[in-house]
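So the mapping is simple: this note's numbering equals the position in the sequence shown, first residue as 1, plus 3.
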Amino acid sequence: MSHGSFNAYKMAQEQFTTIANKLGLDQATIDLLNNTEREFSFNIPIRMDDGTYKVFRGFRVQHNDARGACKGGIRFHPQETIDTVRALSMWMTWKTAVVDIPLGGGKGGVVCDPQNLSSNEQEQICRGWVRQMVRMVGPIQDVPAPDVLTTGQHMIWMLDEYEKMTGMKYPGFITGKPVGMGGSLGRTEATGYGVIYTLREALDQIGLDINKTTASVQGFGNVAKHAIDLYTEMGGKVIAVSSWNHVEQKAYTFKKQTGISFRDLESITNKFGEVDVEKAKQNGYEVLDGSAWIEQEVDILIPAALENQINKETVTKIKDTVKVIAEGANGPTTPEADKVINEKGILCIPDFLANAGGVTCSYFEQVQNNTNYYWPKEEVIEKLDKKMTDAYKAVAHVANGKGVSMRDAAYIISIQRVVEACKMRGWV
């Protein structure tokens, strides 16, 4: 979320403008891509379980659809803002372009806290969101997906409402659905796995054996869990994981120098995925402040929570041992911190490349929905690995050839692809 003076949208615009100027883009093109195509802001009134009525604020932002239908998740969060959604929609445009899938960028959200809402109340919000957006979303217009604090169940409620309103079966309207209801095998793991596929390539690039590396992870949601799982399966050792505690409204870092097992840590979480502090202590974890994840003497940092986590204050806490940062979250690093990271010689895999596994697998889900033929999990994972590996190598090639950072190289590739599509359409 956009806290205090930090504004995710301004950061996204600054990142774009920097590369646009380097590429020498004309002003009309800059104006087009530095702003969103369409924005929707609306109320969702629902009847609460206690009989009272409450109005929730919903958003959908479509940044650019020159390369295909808009694509992007729907977030449920009490601190959601329109500027955060704008930024995320812009990053989705670059994300779909950098992995070269025929989609654009969009994002949605609802200002709510699902952890304080019943299943019935959450269902009403989902259906209300679709009723407000039904004319502007769809399998060939704008395809939503799960995001922060939303799940496959939320997607099914939305799909059901959409199909009721259109009178047709459109499984490709939304992705991230449960398997058996039009979902794709491998989708749950995809974002976290994609982070590690790019990390594997980065380690190979700098000559580090993954079996001899250690990592610290911020977050213990879907992305972090599957990233930890695959990284440890490949031989790496996670020694610290930071997790948010909803009740106490603060984060804790759980550290175990001998290595953290994803399944062991998951076994002591509640239904919201929050780690039980007392059980962690009993299981031999050292419990530290939530910010301690970034201070660990490790080879790899994986921010996989929210934006603005590596900023001008926190970047100074990064140890000299860190060789790679793999951005599992969206927008975790501010431009000021990015400069420090580059000066330190740390290889940073930018968010819209590192975490593009999710949207890539969502695209695979759309393809399967459209053909009504579903692939085995091994095929999905194999295709995902190849797509992420090819994208990483293309970005690394530009970075090395032009002498720029991986982030700048990824932006160069994605922006050029989107600009080409806009110009071919005659928009600018």
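Just so you know, even glycine gets a beta-carbon here, dropped at the ideal spot from N, CA and C.
Environment of residue i [buried if 16+ CB atoms lie within 10 Å]
i	result
Gln127	buried
Gln299	buried
Ser5	With a pLDDT of 45 at Ser5, under the threshold of 50, the modelled position of this residue cannot be trusted; read the value that follows with caution. Flag for Ser5 reads buried.
Val244	buried
Asp150	buried
Val226	buried
Met168	exposed
Tyr395	buried
Gly170	exposed
Gly27	exposed
His80	buried
Thr99	buried
Asn436	Residue 436 is absent from the structure shown; the chain starts at 4 and stops at 431.
Met184	exposed
Asn358	buried
Met427	exposed
Tyr414	buried
Lys389	exposed
Val58	exposed
Thr87	buried
Gly71	buried
Met51	exposed
Gly404	exposed
Glu17	exposed
Thr256	buried
Thr336	buried
Glu432	Given that the chain is displayed from residue 4 to residue 431, the structure contains no residue 432 and the question cannot be resolved.
Ala11	buried
Phe275	exposed
Asp207	exposed
Asn123	exposed
When the options are compared against residue i, the one with the closest alpha-carbon
i	options	result
Pro174	Phe223, Gly197, Pro142	Pro142
Cys115	Pro48, Gln65, Asn67	Pro48
Ile271	Phe223, Cys73, Val301	Phe223
Leu233	Ile263, Ala218, Gly195, Lys215	Gly195
Arg60	Asn10, Gln135, Leu106	Gln135
Ile418	Ala11, Glu281, Phe19, Lys342	Phe19
Gly109	Val137, His66, Phe79, Trp97	His66
Arg78	Ala413, Ser92, Gln144, Lys57	Ser92
Ile313	Pro338, Asp323, Asp292	Pro338
Gly238	Lys386, Lys215, Gly197	Lys215
Phe370	Lys386, Lys253, Ala23	Here the sequence assigns Val to residue 370, which means Phe is not the residue at that position. That would be Lys386, whose Cα lies nearest to the Cα of Val370.
Arg41	Thr392, Trp97, Val140, Val327	Val140
Leu36	Lys240, Arg89, Val301, Val325	Arg89
Gln252	Glu236, Glu277, Ser122, Val241	Glu277
Glu346	Lys326, Glu269, Ala332, Asp388	Lys326
Ile159	Gly179, Gln144, Asp145, Val146	Gly179
Val280	Lys258, Trp296, Ile297	Lys258
Leu268	Thr84, Gln260, Trp247, Lys228	Lys228
Asn38	Ser44, Val64, Asp292, Pro117	Val64
Gln221	Ile22, Ala295, Asn119, Ser187	Ala295
Asn119	Arg410, Asp163, His249	His249
Gly131	Gly111, Asp145, Glu164	Glu164
Leu309	Arg190, Gly429, Gln82	Gln82
Trp247	Val290, Phe355, Trp430, Thr324	Val290
Delimiting residues of the beta strand (DSSP E) encompassing residue i
i	result
Arg428	Looking at the DSSP string, Arg428 is not in any beta strand (DSSP E); the run it does join, the alpha helix (DSSP H), is 409-428.
Ser219	217-221
Lys306	The question names Lys, yet the displayed sequence has Pro at residue 306. Where Pro306 is concerned, the enclosing beta strand (DSSP E) stretches over 303-306.
Tyr292	Note that residue 292 is Asp in the sequence shown here, rather than Tyr. Unbroken beta strand (DSSP E) run through Asp292: 289-292.
Gly111	108-114
Lys25	Run containing Lys25: none in the beta strand (DSSP E); it sits in the alpha helix (DSSP H), 11-26.
Thr256	253-258
Ala148	No beta strand (DSSP E) holds Ala148; DSSP gives it neither H nor E.
Val431	Here Val431 belongs to no beta strand (DSSP E), and DSSP marks it neither H nor E.
Ile242	240-248
Where the alpha helix (DSSP H) through residue i begins and ends
i	result
Arg432	Nothing about residue 432 can be reported from this structure: the residues present for the chain run from 4 to 431 only.
Val133	122-136
Asn225	225-236
Trp160	155-169
Val280	280-285
Phe265	265-269
9 Å Cβ cutoff, residue i in contact with chain B
i	result
Arg89	Structure shown: chain B not included; a single protein chain is present.
task = Ignoring anything shorter than 4 residues or poking outside the stretch 304-387, list the alpha helix (DSSP H) runs there in chain order.
result = 338-346, 354-357, 360-374
message = As an exercise, report each continuous beta strand (DSSP E) stretch of at least 3 residues that is fully enclosed by the stretch 37-96, in chain order.
response = 41-50, 56-67, 77-80
query = Would you call the stretch 349-367 and the stretch 152-164 touching, i.e. three or more CB-CB distances under 8 Å?
reply = no
request  = Report yes or no: do the stretch 259-268 and the stretch 356-368 share at least 3 C-beta pairs separated by less than 8 Å?
outcome  = no
ask   = Is there contact here, the stretch 185-201 with the stretch 268-287, by at least three beta-carbon pairs under 8 Å?
value = no
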